[in-house]
Structure formats: C-alpha cells, structure tokens
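Visitor:
Numbering (the numbering used here), first residue to last: 70 to 743.
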C-alpha cells in the first residue's frame, strides 16, 4: 500500500473480476452517500451516485460516451443485464483507478486521449459533484463528451420496475428534477425518457435477493472539451434549500482538503492509519446538530450498541473527542428510556457506560464526568430494577439474566421465523463482563468526582467473585451462558443448563478496563490459548469454534442461510479489539495481529474494513463492506499495540509474567456434540 491517503489500481485490476468486487464510498456527513465499484459496474442495488440520508436511491449512473475528433465514439460505462451480457464494457478502457484523500478518480485512455472522472460530496449537504476532465489530447483536438443520466427513486432495499409509473421528471434549472425530491444539473441538457430494462446486480443474486430492476433514462448532458477543460454534473436532494452548490472542482478540492485536515487532526503516522481515519469519518454523521454513527454502509443505520462499541476507536483514536463528548451527552436520558421502552438491545447501555468511562479516562474531562455520572448510574439502576428488554439482576448472585422472550437481544441478534438463531437467554458471559465493568467504571467516575464509591466497589467485587465462580468451565475457559433454558442443539437433557461452547464473547472478561477476570491470570491464559487456536483468523475472530456443534464456515446464499451462519462461525473483525486488549493484559506479543486486516483495506470496501468474513479459509469478506465497529477495532488495536510497544521499550516486563504465561496450559477439550 503506498504511503499517504492514496490507493492506486492499474488497468488489469480495473478490467478483471477484482474490479467488480472492490468498492469505493464517499459520504456527505449526514448519512447519505455515493458508492460503486472501481470498474464502474453497479453490482448492488445500493450502488448509485446519490443516495439520501433517508436511504432513498436517486441518481443511479451517468454513462459517458466520448466522441473523438475523427468521429469515433467510445462508450465508457459498464452495465450487466439480466441476459448475462455486459454491455457496454468501458472498464476495458480504464487505465487506472485511484482513491486520493478519500476521493475516487477514474482515468480512461483511448490512445492519446485521457478522460478523468472524480466524485465528491458536499459535506453537510446531500449533494454530489461528478467532475469530468479531459486530461490529455492531441494538440488542438476537441472531443464531445455526452453523459446519459439513469435515474430512479426508491427505497435502497428494494427495486423499481417498468410495470409501475416511471419517475416523474420535470425540467428544472440547467437539468431536471425527479419526483420533486432531487435535482440533477449540468451543461447541454437534452431530455429523453426511456426505460433501461433488466439492470442486473450480481451481489444481490449472491445474497438470494431479487437482482434485477429497471432504470429511467431522463436525458443527456453534453459539452465539447479541449485538454484541461471540465464537464461537471451535480445532483442534490433537499430542494427546499435554495443555496447554490459550489462548482464541481471546488467540491472535489474541498473534500480532499477536509480529508487532509482530519488526518492531521488525528496525528496518525502510517498510510493504513490515514485510510482508517477517513473510514472512521465516513461512519460519523451529524443529525440535528448531534453526532451519530452509521453502523455500516451501504444498508445499516444507527444503533446504540454499534455506536458505543465503536466509540473509542472512532472518536478517541482520531482526535474527535469534542464531537464524541456531544454524542455522549445526547444519550444522558438512556437510563429512563430503558425503563420506559424497549431499545431492542440488552447490552447497548452497558457499552454506553464503557464509552463514557473511556472518554473521561483518556481526556481527563472532569466536567463531563460530573455531568454524566447521574446518567450512567441511572443505567445501572435500570438494570437493577429490570429493563423492558428483559434484563434483570438475579438476587442470588448479582449477575444479569436475560429472559427467553428477549433471548435475541445481545449482539448475537439474528432471528428466523422460529426464533433467535443463537438464543442468549440465561446469563450470557459478555453481558455480565460488561455488567462488572460498568460497576467498576461507575466506582472510578465517582472517585474522580470526589464522591464515595465504597458501596459500588463492594457490589462490583461481589459480582466479580460470582462471575468467576459461575462462569469458570471445566473445559479450561468460560461458560458462554450459565442458567440457560432449553437449548436448540442436542445437549443430552433439558431445562436449565450451562453452555461452555467456545465463542469469543468471554474475551470481554479479560479485555475491559474493569474486567471481572483481571485477577485470574491462569484462567485468562487458558482462554487466550483456546481462542487463539480455534477462533483467531487473519481477519478477526470466529464466532464459534470449527469443532463445535452447529459451526458454519460459509456465509452465503439466501437470507436464511446467511442469518444461520451469522454468529455460528462467521468471522467478525471487531473482536480483534478485545482480543488485542486481552493479549496485552497477558503480556503476549500482538504486533503482527493487524497485518492481514491492513492488507484487506485494499480488497473490498476500499480503505475500510468489512463487517464479517467467512469462517473457513480463505476467509472471504462478506456482509457490509464498510463497517464502523470493524474500522474502530483496527484503529484501537493499532493504538494499543503502539502504546504497548512504547511501554515495553520504557521498562522491563513484570517479573514472573513470562514464566506464568509459559506454564499455563489448556485443559483437554472433551470432543462432544452440543
């Protein structure tokens, strides 16, 4: 990967299937975006030049045709159709694709002629500029560039076909408006009006969804160009905003200038960190003056769990603590909401407590600590009284229990018609690790605010003792769930049971700042050895060991097949963060862990990290190609590794730690079906 915030692909990468798989993304800071592949082929229903923050697909494509001085015409677009044909095939004329400071750039070459396209969004407005520049041509030559605007207006998760009414298109300004919802402007507009039938999206076929839709050709833009001259088309929603857009080259330059500012602000050192800083920015949005986080593009929205799990990486490791502060303050009423409504998440509020503590610890923001202490205490009080999401405190051991009705509300939350794929009723290990950590975090915040924390310390110590007692399993690691109800897999019995299936969830017992397993070094080493041997892959951690009953190593097919595999062996890169934290706590080497994921930055979602990957080699990335938690985990892992290396260089390791690590060995695993 070249230094700086630049990624470059040559003609072979653009013209082969790899060019149909690598995807670019630009965002508007509101939740809207433009995205596609480096070859230009639209392989998803979500690929478009303008998608609104409400996730409505607007301008699908601008198909360029270049007519040279001698009259020869070259179609530079690329489409795949329901018949299987790829026509036109303009990707064969691409000489390069670059991502420069987050802005995609294509260059087509026809002999001495080189045409360039750049796409950038206006930050803070759902508006995109598509700039074409004739970079090179013979002396005195002039070309004719024509752009056909292909449009739709639909929900991003659906398709539109010609059996219904065509989009309502009307002349507006220097172009046209569609459905009174968005407008497209450019030079030399000539209206048209025709259906392009059976546009085919191969990635939707792979996901078992409808892969075909029809697009409306609204008209063409055109201009004559000499070397160095440009043609820009802009598109924007929010027609009530009369403010004019900057010209196209100014939009591109502003996007690059902002990207360079973000990189400087983050103080990052390597090319990978620059890319990750910009990937984090894609996930951070501003809504009604409040920062928020998009969990992943192109289809996810904003969720409390994802936002707070990713908080440290996205905000504190990129120099954006001020924005993060506003985000944390916006959730100050979370405790009251937990008692009044269902959030759909059993663990999201505990991640919020963690995020508040991390922010205060890393920034020293005493004022925020005092302001949000009542908010995080209200979260703990809500769990103690019982939440609308089915979480209560068991009075016998002080641990959190999740009832069967809400068994799909941990982070393993996929559901089929018959119920959760991975039921988590009972006492899930990660929920209780977060619970113990939240109590420790509140004790620390109280002390920072000059308040007595003795009662909270006592409660946390009791929870920690019960945690170790209840979750220690005979297999050499921690039970995944204790006091669970009847299981969906054969276990040789019925009723309440403990489940010691090997999953990564137990890592939170050793990775969190106030982890309940922090005083159990031998247990921690056994867990890390088992996790490292069975769950660790180059792209993250499997959600289930390959030797466990129900393991699924592929994530492909229809919705049911993919949802079944989602937490049954599929790799999740975001678990790399807790794994690195736990490894560092154990004094184990971690320097090489991020290498494979950094290589992945140039494979799928360019400059970003995929949501998931298949559990079987070669660990094919899948799911959303741009994931907030995955990006945050890699940023966090790199920061922790750097800090750990600095500490190791500053002082010797604690006496006896290496000996303890060598002597700790895993207990033999019983080979039983679960």
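Ideal placement from N, C-alpha and C gives every residue a C-beta, glycine not left out.
#1: Would you mind sorting residue 712 into buried or exposed? The rule is 16 or more other CB atoms within 10 Å of its CB.
#2: Check whether the Cβ atoms of residue 259 and residue 172 sit closer than 8 Å, and answer yes or no.
#3: For residue 368, which residues in the same chain have their Cβ closer than 8 Å to its Cβ, ignoring the five residues on either side in sequence?
#4: Grouping DSSP H, G and I as helix and E and B as strand, with all else coil, what is residue 705?
#5: Can you give me the C-alpha to C-alpha distance between residue 626 and residue 391, rounded to a whole angstrom?
#6: Consult DSSP for residue 331 and reduce its assignment to one of helix, strand or coil.
#7: Got a sec? Which residues, its chain only, sit under 8 Å from residue 427 by beta carbon, not counting five neighbours each side?
#8: Looking at the secondary structure, which residues open and close the alpha helix (DSSP H) in which residue 511 lies?
#9: Give the straight-line distance between the Cα atoms of residue 637 and residue 284, rounded to the nearest whole angstrom.
#10: Find out if the Cβ-Cβ distance for the pair residue 460, residue 415 is shorter than 8 Å.
#11: Take residue 498 and list the residues in its own chain whose beta-carbon comes closer than 6 Å to its own, dropping the five residues that flank it on each side.
#12: Quick one: grab the DSSP three-state call for residue 127.
#13: Mind checking which residues open and close the alpha helix (DSSP H) that includes residue 201?
#14: Alpha carbon to alpha carbon, how far is residue 198 from residue 723? Give it in angstroms, no decimals.
#15: Apart from the five residues on each side of it in sequence, which residues of its chain come closer than 6 Å, Cβ to Cβ, to residue 215?
#16: To the nearest angstrom, how far is it from the Cα of residue 743 to the Cα of residue 506?
#17: Rounded to the nearest angstrom, how far is the Cβ of residue 608 from that of residue 642, given a contact under 8 Å?
#18: By Cβ distance, which residues of its chain are closer than 8 Å to residue 630, with the 5 residues on each side in sequence left out?
#19: Candidates 315, 520, 388, 633: which alpha carbon is nearest residue 485's?
#20: Quick one: Cα of residue 376 to Cα of residue 169, how far?
#21: Drop a sphere of 10 angstroms on the beta-carbon of residue 501, count the other beta-carbons inside from all chains shown, and report buried for 16 or more, exposed for fewer.
#22: Taking the alpha-carbon of residue 441 as reference, which of 218, 536, 139, 395 has the nearest alpha-carbon?
#23: Are the CB atoms of residue 515 and residue 525 nearer to each other than 8 Å?
#24: Pull up the DSSP beta-bridge partners for residue 241, would you.
#25: Could you give the C-beta distance for residue 212 and residue 206, rounded to a whole number, given that I count them as a contact under 8 Å?
#26: Where does residue 561 land, buried or exposed, given buried means 16+ other C-beta within 10 angstroms?
#27: In the DSSP assignment, the alpha helix (DSSP H) including residue 527 goes from what residue to what residue?
#28: Provide the residue span of the alpha helix (DSSP H) that contains residue 669, from first to last.
#29: Restricting to runs no shorter than 4 residues, where is the alpha helix (DSSP H) found entirely within the stretch 255-313?
#30: Relative to the C-alpha of residue 492, which residue among 388, 410, 421, 619 is closest?
#31: To the nearest angstrom, report how far apart residue 665 and residue 476 are at their CA atoms.
#32: I think residue 151 touches residue 267, with their Cβ atoms under 8 Å apart; what is that distance to the nearest whole Å?
#33: Below 8 Å CB to CB, which residues in the same chain sit around residue 640 once its five sequence neighbours on both sides are set aside?
#34: Can you have a look at residue 81 and say buried or exposed, based on whether 16 or more other CB atoms are within 10 angstroms of its CB?
#35: Is DSSP giving residue 603 helix, strand or coil here?
#36: Alpha carbon to alpha carbon, what distance is there between residue 656 and residue 649?
Guide: Well, looking at it:
#1: Numbered from 1 along the chain shown, position 643 holds the residue referred to as residue 712. That one is exposed.
#2: As a working mapping, residue 259 is identified with position 190 in the chain shown. As a working mapping, residue 172 is identified with position 103 in the chain shown. Not closer than 8 Å, so no.
#3: Here residue 368 is taken as the residue at index 299 of the chain shown, counted from 1. 115, 124, 225, 226, 693, listed in sequence order.
#4: Here residue 705 refers to the residue found at position 636 when the chain shown is read from its first residue. Residue 705 carries a helical assignment under DSSP once its states are collapsed to helix, strand and coil.
#5: Within the chain shown, residue 626 is the residue found at index 557, counting from 1. Within the chain shown, residue 391 is the residue found at index 322, counting from 1. Annotation: residue 626 to residue 391 spans about 43 Å, alpha carbon to alpha carbon.
#6: Position 262 of the chain shown holds residue 331. If DSSP states are grouped into helix, strand and coil, residue 331 belongs with the helices.
#7: Along the chain shown, read from residue 1 onward, the residue named residue 427 stands at position 358. Scanning its chain for C-beta atoms nearer than 8 Å, with the 5 sequence neighbours on each side dropped, one finds around residue 427 the residues 380, 381, 385, 582, in chain order.
#8: Counting from 1 along the chain shown, the entry for residue 511 is found at position 442. Counting along the chain, residue 511 sits inside the alpha helix (DSSP H) bounded by residues 498-517.
#9: By 1-based counting over the chain shown, the position of residue 637 is 568. By 1-based counting over the chain shown, the position of residue 284 is 215. Cα to Cα, the separation comes out at about 38 Å.
#10: As a first step, residue 460 is located in the chain shown; it is residue number 391 there, counting from the start. As a first step, residue 415 is located in the chain shown; it is residue number 346 there, counting from the start. Yes.
#11: One-based indexing of the chain shown puts residue 498 at position 429. Cβ neighbours of residue 498 within its own chain (closer than 6 Å, five residues either side excluded): 540, 547, 549, 574, 575.
#12: Locating residue 127 in the chain shown gives position 58, where the first residue counts as 1. In the structure shown, residue 127 adopts extended strand secondary structure according to DSSP, grouped into three states.
#13: The sequence position of residue 201 within the chain shown is 132, counting from 1. For residue 201, no alpha helix (DSSP H) segment is defined; the enclosing uninterrupted segment is the beta strand (DSSP E) at 196-205.
#14: Position 654 of the chain shown, counted from the start, is the residue given in the question as residue 723. Position 129 of the chain shown, counted from the start, is the residue given in the question as residue 198. With a pLDDT of 35 at residue 723, under the threshold of 50, the modelled position of this residue cannot be trusted, and the question is left open.
#15: Counted from its first residue, the chain shown places residue 215 at position 146. Spatial neighbours of residue 215 in its own chain (CB-CB distance under 6 Å, excluding positions within 5 residues in sequence) are listed in chain order as 134, 289, 291.
#16: Along the chain shown, one-based indexing puts residue 743 at 674. Along the chain shown, one-based indexing puts residue 506 at 437. Low confidence applies to residue 743: its pLDDT is 25, below 50, so where it sits in the model is not reliable, and the reading given next is rough at best. Going by the C-alpha atoms only, they are around 30 Å apart.
#17: By one-based count along the chain shown, residue 608 stands at place 539. By one-based count along the chain shown, residue 642 stands at place 573. The Cβ separation is near 6 Å, so the contact holds.
#18: By one-based count along the chain shown, residue 630 stands at place 561. Within the same chain, residue 630 has close Cβ partners 277.
#19: Your numbering for residue 485 matches position 416 in the chain shown. Considering only alpha carbons, the answer is 633.
#20: To locate residue 376, count along the chain shown from 1; it is residue 307. To locate residue 169, count along the chain shown from 1; it is residue 100. Cα to Cα, residue 376 sits roughly 27 Å from residue 169.
#21: What you label residue 501 is simply residue 432 of the chain shown in a count that begins at 1. Result: buried.
#22: Along the chain shown, one-based indexing puts residue 441 at 372. With distances taken between Cα atoms, residue 441 lies closest to 395.
#23: The count along the chain shown starts at 1 and reaches residue 515 at position 446. The count along the chain shown starts at 1 and reaches residue 525 at position 456. Cβ distance < 8 Å, so residue 515 and residue 525 count as in contact.
#24: In the chain shown, the residue the question calls residue 241 occupies position 172. For residue 241, which the question treats as bridged, DSSP gives the partners 244.
#25: Taking the first residue of the chain shown as position 1, residue 212 is located at position 143. Taking the first residue of the chain shown as position 1, residue 206 is located at position 137. Indeed they touch by this definition, with Cβ atoms about 7 Å apart.
#26: Against the chain shown, residue 561 aligns to sequence position 492. Per-residue confidence for residue 561 stands at a pLDDT of 39, beneath the threshold of 50, marking its modelled position as unreliable; no derived number is given.
#27: Position 458 of the chain shown holds residue 527. DSSP places residue 527 in the uninterrupted alpha helix (DSSP H) bounded by 523-540.
#28: What you label residue 669 is simply residue 600 of the chain shown in a count that begins at 1. Start and end: 664-669.
#29: DSSP runs (the alpha helix (DSSP H)) wholly in the stretch 255-313: 271-275.
#30: Stepping through the chain shown from its first residue, residue 492 is reached at position 423. Nearest C-alpha to residue 492: 619.
#31: Here residue 665 corresponds to residue number 596 of the chain shown, with the count starting at 1. Here residue 476 corresponds to residue number 407 of the chain shown, with the count starting at 1. Taking the straight line joining both Cα atoms gives about 34 Å.
#32: Here residue 151 refers to the residue found at position 82 of the chain shown. Here residue 267 refers to the residue found at position 198 of the chain shown. The pair is a contact, with the Cβ atoms about 3 Å apart (cut-off 8 Å).
#33: As a first step, residue 640 is located in the chain shown; it is residue number 571 there, counting from the start. A distance below 8 Å between beta-carbons, with the five flanking residues on each side excluded, links residue 640 to the following residues of its chain, in chain order: 606, 608, 609, 610, 611, 612, 681, 682, 683, 684, 688.
#34: Position 12 of the chain shown, counted from the start, is the residue given in the question as residue 81. So residue 81 counts as exposed.
#35: For the purposes of this step, residue 603 is taken as the residue at position 534 of the chain shown. In this structure, residue 603 counts as helix in the three-state DSSP scheme.
#36: Position 580 of the chain shown holds residue 649. Position 587 of the chain shown holds residue 656. Those two C-alpha atoms are separated by around 10 Å.
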